[in-house]
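Heads up: the structure comes next, in structure tokens.
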Amino acid sequence: MAMASRGFYLACLLLGCLGFLCILLITYWTRHWHGYFAWDGSLHMFNWHPVLMVSGMVVLYGVASLVYRLPQAWLGPRLPWKALHAALHLVAFVFTMVGLVAVFGYHSHTGVAHLYSLHSWLGLAAVILFACQWSLGFAIFLLPWAPLWLRSLLKPLHVFFGAAILSLSVAAVISGINEKLFFSLPRNATMPYQSLPSEAIFANITGLLVVTFAMLVLYVLLASSWKRPEPGTQPLLCEHK
Numbered sequence: 319m320a321m322a323s324r325g326f327y328l329a330c331l332l333l334g335c336l337g338f339l340c341i342l343l344i345t346y347w348t349r350h351w352h353g354y355f356a357w358d359g360s361l362h363m364f365n366w367h368p369v370l371m372v373s374g375m376v377v378l379y380g381v382a383s384l385v386y387r388l389p390q391a392w393l394g395p396r397l398p399w400k401a402l403h404a405a406l407h408l409v410a411f412v413f414t415m416v417g418l419v420a421v422f423g424y425h426s427h428t429g430v431a432h433l434y435s436l437h438s439w440l441g442l443a444a445v446i447l448f449a450c451q452w453s454l455g456f457a458i459f460l461l462p463w464a465p466l467w468l469r470s471l472l473k474p475l476h477v478f479f480g481a482a483i484l485s486l487s488v489a490a491v492i493s494g495i496n497e498k499l500f501f502s503l504p505r506n507a508t509m510p511y512q513s514l515p516s517e518a519i520f521a522n523i524t525g526l527l528v529v530t531f532a533m534l535v536l537y538v539l540l541a542s543s544w545k546r547p548e549p550g551t552q553p554l555l556c557e558h559k
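Position one of the sequence shown corresponds to residue 319 (our numbering), numbered consecutively onward.
See the structure below:
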């Protein structure tokens, strides 16, 4: 039991480090190779988009999804943990919306077409599902009106779509990194993407870290010994006294 507990907290520590690195590297990539951040419709406004989407749709979303895995959440009333779960997801959604405003503002200002790429379709699908997931979760699981049978019926769907949204978000991030490299590197004939210049190597490593973070989140979510026990069962992460 104690070993399971140590494994869980080790996974949390690793997730914290990976999440911090994901945000740090995507910010450094954007700032170092593509200039400063602004809110003026220029390419510098676009720079907010990758940083906010990775921070919101991947890192904060992943952290919010793991609230119920904390052993502290297994004891006492569930309402404070439900509120924390919803609040963290709401912050992630706010980050996401600001990131979308940044990219749509940049496209409108420069005359670039909206929603023409697979990256944009995946990202929009993830955001729409996220909005529906949060709204339904708030109405069914946080507010007290829903009967127990309805919550039991929708809980597996809520869990499934939570993992699906994270997976879609990662797919959007990876395709977005590739799309950005395709647009930026070919402009310099001496450093095409296929020659793997330093920017391409850095961006590819950043993408791998994002995938690794998401895979670890999904592993923690699916590990049966780290799930909140049903009422009347013995928590597996707590040592017997």
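For glycine and all other residues, C-beta sits at the position ideal for the given N, C-alpha and C.
Computed from a prediction, not measured in an experiment: that's the story for all the values here.
Per the contact definition of three or more C-beta pairs closer than 8 Å, is the stretch 415-422 in contact with the stretch 367-387? yes
Exposed unless 16 or more other CB atoms sit within 10 angstroms - verdict on Tyr424: buried
In its own chain, which residues sit with a C-beta less than 6 Å from the C-beta of Leu402, not counting the 5 before and 5 after it? Val385
Report all residues from its chain with a CB closer than 7 Å to the CB of Leu442; omit the five preceding and five following residues, and keep chain order. Leu433
Please list the segments of the alpha helix (DSSP H) lying wholly inside the stretch 342-423, counting only runs of 4 or more residues, in order along the chain. 361-364, 366-371, 379-383
Identify whether Met509 lies in helix, strand or coil by the three-state DSSP scheme. coil
Opening and closing residue of the alpha helix (DSSP H) in which Arg469 lies: 466-502
So, helix, strand or coil for Val538, using DSSP? helix
Can you tell me where the alpha helix (DSSP H) with Val445 in it begins and where it stops? 436-455
Sort Leu536, Met363, Ile519, Arg387 by Cα distance to Trp347 and report the nearest one. Ile519
How many Å lie between Tyr379 and Cys450 at the Cα? 14 Å
Taking Phe364 as the reference, which of Gly480, Ala532, Ile483, Thr428 has the closest Cα? Thr428
My assumption, with CB atoms under 8 Å, is that Val535 sits in contact with Leu484. Please give the rounded CB distance. 6 Å
Going by DSSP in three states, Gly337 sits in which element: helix, strand or coil? helix
Helix, strand or coil for Arg324, going by three-state DSSP, please let me know. helix
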